[in-house]
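Read the structure below first, then the notes.
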Amino acid sequence: MSQFITDLFSNFWVSLAGKLLLAALVVPLVGMVIGFAEMKLSAKMQARVGPYFAGGRWGWAQLIADGVKFFQKEDLIPVEADKPVFKVAPVLVLVSTVALLVVIPFGPDLAFRDLSVGIFFALAISSLSTVGILMAGWSSANKYSLMGGLRAAGQLIAYELPLVLAVVGSVILAGTMSLSGIVEAQIEAGYPYVIVQFIGFGIFLVAALAELTRIPFDMPIAESELVMGYLTEYSGFRFLFFFLAEFANMFSLSAIASTLFLGGYWLPGIPEDTLVYAGPIILLAKTFLLVFVMIWFRWTFPRFREDQLQSIAWKWLIPLALVNIAATAVFKVFL
Amino acid sequence: MTTTDRTIPGMGMAKGLWVTIYTMFRTIFRPGKYLATVNYPKVKEQPVPRARGVIALDQEACTVCMLCARSCPDWCIYIEGHKEEQPPSTPGGRVKVRSTLDRFDIDYALCMYCGICVEVCPFDALFWSPEYEYSETHMGEMMHDMDRLQDWLLTVPENPSLENQG
Numbered sequence: 001m002s003q004f005i006t007d008l009f010s011n012f013w014v015s016l017a018g019k020l021l022l023a024a025l026v027v028p029l030v031g032m033v034i035g036f037a038e039m040k041l042s043a044k045m046q047a048r049v050g051p052y053f054a055g056g057r058w059g060w061a062q063l064i065a066d067g068v069k070f071f072q073k074e075d076l077i078p079v080e081a082d083k084p085v086f087k088v089a090p091v092l093v094l095v096s097t098v099a100l101l102v103v104i105p106f107g108p109d110l111a112f113r114d115l116s117v118g119i120f121f122a123l124a125i126s127s128l129s130t131v132g133i134l135m136a137g138w139s140s141a142n143k144y145s146l147m148g149g150l151r152a153a154g155q156l157i158a159y160e161l162p163l164v165l166a167v168v169g170s171v172i173l174a175g176t177m178s179l180s181g182i183v184e185a186q187i188e189a190g191y192p193y194v195i196v197q198f199i200g201f202g203i204f205l206v207a208a209l210a211e212l213t214r215i216p217f218d219m220p221i222a223e224s225e226l227v228m229g230y231l232t233e234y235s236g237f238r239f240l241f242f243f244l245a246e247f248a249n250m251f252s253l254s255a256i257a258s259t260l261f262l263g264g265y266w267l268p269g270i271p272e273d274t275l276v277y278a279g280p281i282i283l284l285a286k287t288f289l290l291v292f293v294m295i296w297f298r299w300t301f302p303r304f305r306e307d308q309l310q311s312i313a314w315k316w317l318i319p320l321a322l323v324n325i326a327a328t329a330v331f332k333v334f335l
Numbered sequence: 336m337t338t339t340d341r342t343i344p345g346m347g348m349a350k351g352l353w354v355t356i357y358t359m360f361r362t363i364f365r366p367g368k369y370l371a372t373v374n375y376p377k378v379k380e381q382p383v384p385r386a387r388g389v390i391a392l393d394q395e396a397c398t399v400c401m402l403c404a405r406s407c408p409d410w411c412i413y414i415e416g417h418k419e420e421q422p423p424s425t426p427g428g429r430v431k432v433r434s435t436l437d438r439f440d441i442d443y444a445l446c447m448y449c450g451i452c453v454e455v456c457p458f459d460a461l462f463w464s465p466e467y468e469y470s471e472t473h474m475g476e477m478m479h480d481m482d483r484l485q486d487w488l489l490t491v492p493e494n495p496s497l498e499n500q501g
């Protein structure tokens, strides 16, 4: 039987279909778990109960109920909208999220696809969601959507750069762009890179928050100014796509951050032969820790102003990241 | 304290983060003490005695003077009455006339809870009751007739004495 399964999955198409199915399951699942965690944690941070009745206990079924509600809603498309672009935009955003998951190593030899340019691929594909957001803003035929889309474009261009530059430090240290290669380099070095790359880690976290357009960087949505920004005209399952993509993106960016800086599926002191089983759990724990930090930031800080956002990126994060790269390069060559 | 805090960059952000995580843990571990909300349909908050929930009517005290209906900014009070003749108290005396209430409706779909009617009533026939659970599935049912308004009278609490409020 096990021989049959091994044979079955050695077939390229079967394994591709299996991986696709897994990715398609992981994204909504993770999105719902994080979305629910955010609902509950934000409630506790504000001394509220949060979801309570759905599902009978703790309101665990709240997001399932929400999802069903979204599916029941009418699929509205504005008359003036550019219909094909309007329809493709949420799919594009969700695709970029799913594609991000592909390169994350959940354990030794446990990744959907271990690319030799893994981190490069991840950064490139995560910018695809910018295109989706810009498409959504442009095609909605709504001034608020357009403003939101343009803000998103400006913000994501500004924060793409520190994100890439923050990653470069880890890549220099590891000498490889493959994500599993970076984890292996950390195992070999014996310490997670956050110890020497704490500046890079901080910049990566801030830039990732901005990439996710979450508070305190949610100017593209900014309810008080732009209604809902690029999401204004979306309803029903297209809105659900954006919603899921946001939470799943939080997960994948946190997973990439923990892979690059926190040692990925490895924890100091855990014997290496158990990593096959313990690895995914360790990575998930680190990822959810970072997700918690993001939720924590969101419910603490108010929104930045648009010009503050730009000046943080261009005046602080990018020079700091460049200094960090130079220092890391010197460190790498002379030590 | 506040002056020294300002000199350290990022101190305000750290304080903010501390407040949220402190609130989170204390709400998780001691919800009974620190939860700011109640689980409404299961647990009910006790409204304050002078809460403006619903207006109750004492039919006996009403003299159909219409002051409340005229002072109502929303015109949500409907009053109809007639005069009833009562036999004279002594034989050959004058016939007494007493106004009686036929209809006293308050349309709570219109009412804005200003309380002018309660204040203007010269015979203390209208009272505030703190009851608040009288939502309906149809807007027409928000019109409370005089019997229903009379029933609300049972929920009116004793007025807090004025002497002890200094």
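Protein chains in written order, with my numbering: chain W, 1 to 335; chain X, 336 to 501. Ideal placement from N, C-alpha and C gives every residue a C-beta, glycine not left out. Bear in mind the structure is a predicted one, so any value in this text is a computation, not a measurement.
Item	Value
Contact list for X:Ile343 against chain W, beta-carbon separation under 9 angstroms	By Cβ distance, chain W contributes nothing, its closest Cβ being about 17 angstroms from X:Ile343, past 9 angstroms.
Contacts that X:Met359 makes with chain W (C-beta to C-beta distance below 7 angstroms)	Leu41, Lys44, Met45
Where W:Gly118 sits in the DSSP three-state scheme	helix
Whether W:Leu309 touches W:Met228 by CB criterion (8 angstroms)	no
DSSP state of X:Arg405 mapped onto helix, strand, coil	helix
Residue(s) in a DSSP beta bridge with X:Thr435	X:His417
Selected residue, minimal CA-CA separation from W:Gly169, among W:Leu22, W:Leu163, W:Glu160, W:Gly200	W:Gly200
Beta-carbon proximity check, W:Phe241 vs W:Ile34, cutoff 8 angstroms	no
Distance, W:Gly55 Cα to W:Ala174 Cα	47 angstroms
Contact with chain W by X:Gly367, beta-carbon distance below 8 angstroms	no
The stretch 112-122 of chain W contacting the stretch 146-161 of chain W, beta-carbon criterion three pairs below 8 angstroms	no
Range covered by the beta strand (DSSP E) that runs through X:Ala391	389-392
For X:Met336, three-class secondary structure by DSSP	For X:Met336, the pLDDT reaches just 49, beneath the cut-off of 50, and the residue's location in the model is therefore unreliable, leaving the point undetermined.
Chain X within 8 angstroms of W:Phe198, Cβ atoms only	no
Cβ neighbours of X:Met478 in the same chain (closer than 6 angstroms, five flanking residues each side left out)	Asp440, Asp442
Counted within 10 angstroms of its Cβ, other Cβ atoms place W:Gln197 as buried (16 or more) or exposed	buried
Proximity test, Cβ basis, 8 angstroms: X:Gly351 and chain W	yes
Identity of the residue in W:Arg305, W:Tyr159, W:Phe331, W:Trp296 nearest X:Trp353 by Cα	W:Trp296
Below-8 angstroms beta-carbon distance, X:Ala371 vs any chain W residue	yes
Proximal residues of chain X, C-beta to C-beta of W:Arg48 below 9 angstroms	Thr362, Leu370, Ala371, Thr372
Beta-carbon spacing of X:Cys400, X:Pro457 below 8 angstroms	yes
N-terminal and C-terminal residue of the alpha helix (DSSP H) that W:Trp13 is part of	12-45
Continuous beta strand (DSSP E) assignments of at least 3 residues falling wholly in the stretch 437-467 of chain X	461-464
Cβ of W:Trp296 within 8 angstroms of any chain X Cβ	yes
Whole-angstrom distance between X:Gly347 and X:Met336, CA atom to CA atom	In this prediction, X:Met336 has a pLDDT of 49, which is less than 50 and means its spatial position is unreliable; what the coordinates show is noted afterwards. If you take the alpha carbons of X:Met336 and X:Gly347, they lie about 12 angstroms apart.
Cβ distance (whole Å) where W:Val183 is taken to contact W:Pro105 below 8 angstroms	6 angstroms
Touch test, the stretch 202-210 of chain W against the stretch 152-163 of chain W, Cβ-Cβ under 8 angstroms, three pairs minimum	yes
Under 7 angstroms from the C-beta of W:Trp299: neighbouring residues of chain X	Thr355
Cβ contact check for the stretch 286-305 of chain W and the stretch 25-42 of chain W: 3 or more pairs under 8 angstroms	yes
With 16 other Cβ atoms within 10 Å as the buried cut-off, status of W:Gln62	buried
Contact set between W:Tyr52 and chain X, taken where Cβ atoms lie within less than 8 angstroms	Asn374
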